[in-house]
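Each remark here refers to the structure printed beneath this line.
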Ligand code: UFG
């Protein structure tokens with residue numbers, strides 16, 4: 008139990024990281040941003056400064072670089088760490104496993120070395136619903152078993168969760184939260200920040216938004232013969248602003264009590280099919296999204312969505328944005344930024 012002011016946010020210019028910065032500011036935390044720009048860009052910092060009407064301390068460095076990373080801890084009294092920095096593309100991780108293991112695991116280990124050395128008492132880890140593997144029931148509870156990952160990206164999440172459990176057993180005074188994200192979509196209401204993947208998107212929402220602006224011709228829906236009401240897969244799509252709020256609520260809890268290690272699902276608790284999401288996007292934005300049905304994508308689970316009871320009871324977390332809000336905000340961001348994060352003047 009201690010006051011938290013300075014929060015090191017690794018990967019703070021990424022999609023979830025940047026929205027979390029805004030929510031931290033709203034709740035009077037002081038984020039200190041670390042990012043190597045491998046999957047983001049400096050313009051996001053500019054936009055964060057516009058949205059929040061303030062400057063941020065920013066370190067452009069790679070968390071795998073032990074020496075450089077220490078500068079952040081030497082120059083600032085860090086009260087809490089939110090560790091987003093990681094590679095996250097499932098398909099790429101299958102092709103380049105070493106890259107994923109090196110980056111995700113070494114970044115984590117380096118951060119933890121300094122957490123210990125500089126006596127930081129609060130740590131939040133970005134995990135994923137991918138740790139549940141192929142669910143045999145929905146909704147998914149935090150107590151459900153973690154299953155062997157089907158790809159190196161997923162393995163890194165499971166390995167780090169295990170390492171945190173081992174660490175927590177002998178460091179009970181450190182507050183550790185593992186946040187298991189479901190499918191984040193949407194964007195900041197300003198439309199200034201949002202999801203901007205490099206190249207052709209792998210994930211559903213950025214693919215839809217790029218079809219909406221005519222950058223991609225049509226969406227292929229991977230499989231319409233699943234055992235669901237319309238034959239397409241079901242996911243728990245959660246607005247990135249809600250997800251960001253989940254991190255703030257976690258820090259609030261850390262300030263009130265010694266939690267030890269805690270695990271929370273961050274989702275909405277509702278399943279939405281691919282077809283339902285596409286239809287919601289068309290209705291919310293009055294735009295036609297041409298689509299075709301294609302074969303199933305290897306490794307896709309039929310249905311996963313969260314039980315959010317634990318996060319609701321213990322954190323006060325409840326998703327506020329509807330699927331329509333998500334579709335509107337994703338579209339708004341994409342329409343304003345058809346060519347990505349082009350420099351805008353303050
Ligand atoms: N989909 C399509 N067409 C596309 C892209 C996706 O039909 O062009 C479908 C997928 O088959 C799936 C659904 O849309 O049924 C969602 O797919 P995403 O790729 O957007 O998301 P996933 O649920 O597959 O993956 C996400 C994260 C992963 C994480 C995983 C499990 O991207 O990092 O959830 O939590 F591991």
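In this note's numbering, the protein residues as written are 8 to 353.
Here a beta-carbon is modelled for each residue, glycine too, at the ideal position from N, C-alpha and C.
Between residue 168 and residue 271, the C-beta gap is not smaller than 8 Å, which leaves the two residues out of contact.
In terms of Cβ geometry, residue 91 and residue 133 form a close pair [threshold 8 Å]. In this model, residue 144 and residue 279 are separated by some 16 Å (Cα to Cα).
Judged by DSSP in its simplified three-state form, residue 298 adopts strand. The shortest CA-to-CA distance from residue 232 to any of 216, 127, 303 and 250 is the one to 303. DSSP, reduced to helix, strand and coil, places residue 266 outside both helices and strands of the structure shown, so it counts as coil. At a Cβ-Cβ threshold of 8 Å, residue 51 and residue 348 count as neighbours. The DSSP-derived three-state label of residue 64 is strand.
Counting the other Cβ atoms within 10 Å of the Cβ of residue 331 gives fewer than 16, which makes it exposed. As for any beta strand (DSSP E) of minimum length 3 sitting wholly inside the region 100-157, the runs are 129-135, ordered along the chain. Per DSSP, the beta-bridge partners of residue 187 are 134 and 272. The C-alpha of residue 311 lies about 24 Å from the C-alpha of residue 207. The ligand UFG has no heavy atom closer than 7 Å to the beta-carbon of residue 84. Residue 69 counts as buried, since no fewer than 16 other beta carbons sit within 10 angstroms of its beta carbon. Spanning the alpha carbons of residue 127 and residue 82 requires a straight line of approximately 14 Å. According to the DSSP assignment, residue 39 belongs to the beta strand (DSSP E) that extends over 37-42. Contact between the region 21-38 and the region 47-64 is present: three or more C-beta pairs spanning the two stretches fall below 8 Å. Put simply, the backbone Cα of residue 152 is about 27 Å away from that of residue 229.
Here residue 253 is buried. Its C-beta has 16 or more other C-beta atoms within 10 Å. According to the DSSP assignment, residue 17 belongs to the beta strand (DSSP E) that extends over 13-17.
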